[in-house]
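Participant: Residue numbers (the working numbering), protein chains in the order written: chain A, 62 to 214; chain B, 807 to 1223.
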Amino acid sequence: MSNLEDLYREVILDHYRSPRNRGELASPPAIRVEGFNPLCGDEIVVYLDVQDGVLVDIKLTGHGCSISQSSSSLMSAAVKGKSVEKVRETIATFKQLMTVHQASLDEASAAEPLDLRALGELAALQGVVKFPVRIKCATLAWNTLSQGLDELE
Amino acid sequence: MAPGRTVSSFDPRQVRADTPLLTRVVHDRTITYLDSAASSLPPRAVIEAISRYYELRHANVHRGVYQTANEATAVYEGARAAIARFINAPGGANEIVFTKNATESFNLLAKSWGAANLKAGDVVLVTEMEHHANIVPWFQLREVAGIEVRFIPVNDDYRLDLSDIDELMKGVKLVSVTAMSNVLGTINPIKEIAALAHRHGALVAVDAAQSVAHFATDVTDLDVDFFIFSGHKMLGPTGIGVFWTRESILEAMPPFLGGGGMIADVRTDGYTPASGPSRFEAGTPPIAETAGLGAAVLYLEGLGMDAIAEHEHDLTGDALTRLALEFEGRVRVIGPSDLESRGGVISLDVEGVHAHDVAQVLDQFGVCVRPGHHCAKPLMRRFNLSATARASFGPYSLVQDTDVLLEALSHAVTMFG
Chain A
62 MSNLEDLYRE
72 VILDHYRSPR
82 NRGELASPPA
92 IRVEGFNPLC
102 GDEIVVYLDV
112 QDGVLVDIKL
122 TGHGCSISQS
132 SSSLMSAAVK
142 GKSVEKVRET
152 IATFKQLMTV
162 HQASLDEASA
172 AEPLDLRALG
182 ELAALQGVVK
192 FPVRIKCATL
202 AWNTLSQGLD
212 ELE
Chain B
807 MAPGRTVSSF
817 DPRQVRADTP
827 LLTRVVHDRT
837 ITYLDSAASS
847 LPPRAVIEAI
857 SRYYELRHAN
867 VHRGVYQTAN
877 EATAVYEGAR
887 AAIARFINAP
897 GGANEIVFTK
907 NATESFNLLA
917 KSWGAANLKA
927 GDVVLVTEME
937 HHANIVPWFQ
947 LREVAGIEVR
957 FIPVNDDYRL
967 DLSDIDELMK
977 GVKLVSVTAM
987 SNVLGTINPI
997 KEIAALAHRH
1007 GALVAVDAAQ
1017 SVAHFATDVT
1027 DLDVDFFIFS
1037 GHKMLGPTGI
1047 GVFWTRESIL
1057 EAMPPFLGGG
1067 GMIADVRTDG
1077 YTPASGPSRF
1087 EAGTPPIAET
1097 AGLGAAVLYL
1107 EGLGMDAIAE
1117 HEHDLTGDAL
1127 TRLALEFEGR
1137 VRVIGPSDLE
1147 SRGGVISLDV
1157 EGVHAHDVAQ
1167 VLDQFGVCVR
1177 PGHHCAKPLM
1187 RRFNLSATAR
1197 ASFGPYSLVQ
1207 DTDVLLEALS
1217 HAVTMFG
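#1: How would you write the range of the alpha helix (DSSP H) that residue 853/B sits in, first residue to last?
#2: Does residue 212/A pass the burial test, meaning 16 or more other C-beta atoms within 10 Å, or should it be called exposed?
#3: Can you pull out the residues from the region 114–142 of chain A whose beta carbon lies closer than 9 Å to at least one beta carbon of chain B?
#4: Confirm, please, whether the CB-CB distance from residue 105/A to residue 210/A is below 7 Å.
#5: Could you run through the region 99–115 of chain A and flag, in chain order, every residue whose CB is less than 8 Å away from some CB of chain B?
#6: Classify residue 965/B: buried if its beta carbon has 16 or more other beta carbons within 10 angstroms, exposed otherwise.
#7: With respect to the alpha helix (DSSP H) encompassing residue 815/B, which residues constitute its N-terminal and C-terminal limits?
#8: Does residue 810/B have its Cβ less than 7 Å from a Cβ in chain A?
#9: Compare the beta carbon distance of residue 1121/B and residue 1171/B with 7 Å and say whether it is the shorter of the two.
#10: Which residues bound the beta strand (DSSP E) around residue 954/B?
#11: Taking the straight line between their C-alpha atoms, what separation do you get for residue 1196/B and residue 1063/B?
#12: Could you please give the first and the last residue of the uninterrupted alpha helix (DSSP H) stretch that includes residue 1073/B?
#13: Could you check which residue in 1207/B, 843/B and 832/B has the C-alpha nearest to that of residue 1037/B?
#14: Can you check the region 123–209 of chain A for any beta strand (DSSP E) of at least 3 residues that lies completely inside it and give the ranges in chain order?
#15: Nearest to residue 1045/B by alpha carbon, out of 1098/B, 1000/B and 1007/B?
#16: For the structure I just gave you, are there three or more beta carbon pairs, one from the region 1064–1080 of chain B and one from the region 1120–1138 of chain B, closer than 8 Å?
#17: How about residue 1033/B and residue 1012/B: do their beta carbons lie closer than 7 Å?
#18: Can you list, in chain order, the residues of the region 177–207 of chain A whose Cβ is nearer than 9 Å to any Cβ on chain B?
#19: Using a Cβ-Cβ cut-off of 8 Å (strictly less than) and excluding sequence neighbours within five positions of residue 1026/B, which residues of its own chain qualify?
#20: Between which two residues does the alpha helix (DSSP H) harbouring residue 74/A extend?
#21: Determine contact between the region 62–73 of chain A and the region 151–160 of chain A, defined as no fewer than three beta-carbon pairs at a distance below 8 Å.
#22: Can you give me the C-alpha to C-alpha distance between residue 858/B and residue 129/A, rounded to a whole angstrom?
#23: In angstroms with no decimal places, state the Cα-to-Cα distance between residue 819/B and residue 881/B.
#24: Counting only beta-carbon atoms, is residue 158/A nearer than 7 Å to chain B?
#25: Residue 1208/B lies in the beta strand (DSSP E); which residues open and close that run?
#26: Measuring CA to CA, which of 1084/B, 1065/B and 1083/B is closest to residue 1076/B?
#27: DSSP beta-bridge partners for residue 95/A?
#28: Under the three-state reduction of DSSP, which class applies to residue 828/B: helix, strand or coil?
#29: Do residue 932/B and residue 912/B count as a contact pair if the criterion is CB distance below 7 Å?
#30: Would you mind reading off the limits of the alpha helix (DSSP H) that contains residue 1187/B?
#31: Please report the straight-line C-alpha distance between residue 110/A and residue 95/A, rounded to a whole angstrom.
#32: Residue ranges of each beta strand (DSSP E) run of no fewer than 3 residues wholly in the region 1014–1046 of chain B, ordered along the chain?
#33: From 841/B, 892/B and 907/B, pick the residue whose C-alpha is nearest to that of residue 1015/B; which is it?
#34: Find the nearest neighbour of residue 1150/B within the set 1118/B, 963/B and 982/B, judged by alpha-carbon distance.
#35: Provide the residue(s) that pair with residue 933/B in DSSP beta bridges, ordered along the chain.
#36: Please confirm whether residue 1163/B has its beta-carbon closer than 7 Å to some beta-carbon of chain A.
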């Protein structure tokens, strides 16, 4: 079961059982964005309260598998209170994590090694890359957040 | 190719031994295949029939005069005759059209027969438990012809609600219904529905994709008008489907896809379509696939459809009982809990665990189940579900498969508990 434990790490199960930042924000003024994964029916709604270039608050509703739900919860914890610029950086880093082949994660000599420490708890999701069909579950919330930030501009 | 078996000798362990894929080891466990509702596993006889065709007889059909071309045509037409026998088509092989899959068969029905026979305001009556293949082509026809698509509701006991059927039948020209739900396992009373539809002057189409490999089919006795299924859900290969209708209806249907093979004549001022099934088989058909499908029919006939039905009925009863006992409500079956008119498709909703996670954990035990909406979103909405994890049986399934399923399910429940 080692593969399975790699996917379902304790941090992930914890965020699945007790998701952070669940709920809604009044919209407007908050931005409301919907994300949808037609393949498995996962749905997510992201509410963003951005003031003076800072993501002051973020709330999430929706339903889906443990990977999509924990990824959205972990995401909300990672980006809340950060500048929009910093949030975009985190999105880029996370999406890089989701596209990096497992081998290069293991390789210390990889050209541009990902700084997993900078990802904090988000690094728990790195096991997802071993399960290609689940990557879309993990990235749903992030793509939705990214779309929300685009609407700001 | 002779099956050499009789009904009384049906032995699922022999079917298992005949099925090469079931020896696969995945994640250090022998595979437990419980996804026959999505696609069934071909026995060696089917795989060898396809190989033999390519090794010895491959040529295009209906054209050459040389020996192997004649043999290829014989393989192709032989499969047509085998299918006609298998479903007891009253008019024989002339009523069997080969398509790509059941979905294409439904598109043939809607876009040829439907477009020619239905006008604005006419109603096609389907059910809430249909696969998208028996919904979307009708919505597409609605866009161009203004027909109405109406749904027979599904009861809380996962059966069709026919209590208001006389009202629902008003204006209906076609009732198009699944013989067995690919989500619920519910087997619908096709013969009764056909009689009722005919009383109201409507024709009846049947989606038999889930039923044809699991219990005996007799379209003459059912007295239906269209019968649709696919090869790969009946131990045959992918890439081939079947469309049956009465010869009188088929002869009046306009061509569907145009091209070679479907014409009687082509001139510079137009064309004359061929008669019979060829009219709907434009281009080089899936010849090797018919070799496989013909072998699958022989294999199923050798096992005996009644014996298969009885075996899967027993497996389903055992699984339903043990699921209820071992999980005490934490695992809910989305489908009839009684065995009457119910097939071996078992959709599971595990409390607190999403279907994708269930299937992911099961995969580590080598268990193949299908998570998702199963191309039946109206039904999922009806029961307020986004996804289920579906286990389904085939003639090679054994009680041991259920043992592994339950072991893996326990692990999933504990892990997310």
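We put the CB at the ideal spot given by N, CA and C, even for glycine.
Everything numeric in this text was worked out from a predicted model, so none of it was measured.
Facilitator: Taking the structure as given:
#1: Residue mapping note: residue 853/B aligns to position 47 of the second sequence, counting from 1. Per DSSP, residue 853/B belongs to the alpha helix (DSSP H) from 850–858.
#2: Within the first sequence, the letter at position 151 stands for residue 212/A. Per the 10 Å Cβ criterion, exposed.
#3: 124, 125, 126, 127, 128, 129 and 130
#4: Position 149 of the first sequence holds residue 210/A. Position 44 of the first sequence holds residue 105/A. Their beta carbons are not under 7 Å apart, which means residue 210/A does not touch residue 105/A by this criterion.
#5: 100, 101, 102, 103 and 104
#6: If you number the second sequence from 1, residue 965/B lands on position 159. Per the 10 Å Cβ criterion, buried.
#7: Taking the first residue of the second sequence as position 1, residue 815/B is located at position 9. It is not in any alpha helix (DSSP H) - residue 815/B carries neither H nor E in the DSSP assignment.
#8: Stepping through the second sequence from its first residue, residue 810/B is reached at position 4. Annotation note: pLDDT 45 at residue 810/B (below 50); position unreliable, no value reported.
#9: Within the second sequence, residue 1121/B is the residue found at index 315, counting from 1. Within the second sequence, residue 1171/B is the residue found at index 365, counting from 1. Going by C-beta atoms, residue 1121/B is not nearer than 7 Å to residue 1171/B.
#10: Stepping through the second sequence from its first residue, residue 954/B is reached at position 148. Start and end: 954–958.
#11: Taking the first residue of the second sequence as position 1, residue 1196/B is located at position 390. Taking the first residue of the second sequence as position 1, residue 1063/B is located at position 257. Roughly 35 Å separates the two Cα atoms.
#12: Locating residue 1073/B in the second sequence gives position 267, where the first residue counts as 1. That residue, residue 1073/B, is in no alpha helix (DSSP H); its beta strand (DSSP E) goes 1069–1073.
#13: On the second sequence, position 231 is the one that residue 1037/B refers to. Nearest option by C-alpha distance: 843/B.
#14: none
#15: Looking up residue 1045/B in the second sequence gives position 239. Residue 1045/B has its Cα closest to that of 1098/B, out of 1098/B, 1000/B and 1007/B.
#16: no
#17: Here residue 1033/B refers to the residue found at position 227 of the second sequence. Here residue 1012/B refers to the residue found at position 206 of the second sequence. Contact: yes.
#18: 192, 194, 195 and 198
#19: Stepping through the second sequence from its first residue, residue 1026/B is reached at position 220. Counting only Cβ-Cβ distances below 8 Å, and skipping sequence neighbours, we find 894, 895 and 896.
#20: Within the first sequence, the letter at position 13 stands for residue 74/A. Residues 71–78.
#21: no
#22: To locate residue 858/B, count along the second sequence from 1; it is residue 52. To locate residue 129/A, count along the first sequence from 1; it is residue 68. Taking the straight line from one Cα to the other gives about 47 Å.
#23: The residue you call residue 819/B lines up with position 13 of the second sequence. The residue you call residue 881/B lines up with position 75 of the second sequence. Each residue's alpha carbon lies about 30 Å from the other.
#24: Position 97 of the first sequence, counted from the start, is the residue given in the question as residue 158/A. False, the Cβ-Cβ gap to chain B never drops below 7 Å.
#25: For the purposes of this step, residue 1208/B is taken as residue 402 along the second sequence, with counting starting at 1. First-last for residue 1208/B: 1205–1222, but that is the alpha helix (DSSP H), not the beta strand (DSSP E).
#26: Here residue 1076/B refers to the residue found at position 270 of the second sequence. For the residues 1084/B, 1065/B and 1083/B, the minimum Cα distance to residue 1076/B belongs to 1065/B.
#27: Reading the first sequence from its first residue, position 34 is the one you call residue 95/A. According to DSSP, residue 95/A bridges with 106/A.
#28: Taking the first residue of the second sequence as position 1, residue 828/B is located at position 22. It is helical.
#29: Residue numbering aside, residue 912/B sits at position 106 when the second sequence is read from its first letter. Residue numbering aside, residue 932/B sits at position 126 when the second sequence is read from its first letter. No, the Cβ-Cβ distance between residue 912/B and residue 932/B is not below 7 Å.
#30: Residue mapping note: residue 1187/B aligns to position 381 of the second sequence, counting from 1. Run containing residue 1187/B: 1183–1188, per the alpha helix (DSSP H) assignment.
#31: For this step, residue 110/A is matched to residue 49 along the first sequence. For this step, residue 95/A is matched to residue 34 along the first sequence. Cα to Cα, the separation comes out at about 15 Å.
#32: 1032–1036
#33: In the second sequence, counting from the first residue as 1, residue 1015/B sits at position 209. Here the closest residue by C-alpha is 907/B.
#34: Locating residue 1150/B in the second sequence gives position 344, counting from the first residue. If we check each option's Cα against that of residue 1150/B, 1118/B comes out closest.
#35: Here the question's residue 933/B lines up with position 127 in the second sequence. Answer by DSSP bridge pairing, in chain order: 958/B.
#36: Position 357 of the second sequence, counting from 1, holds the residue named residue 1163/B. Chain A, which has a Cβ nearer than 7 Å to the Cβ of residue 1163/B, makes this yes.
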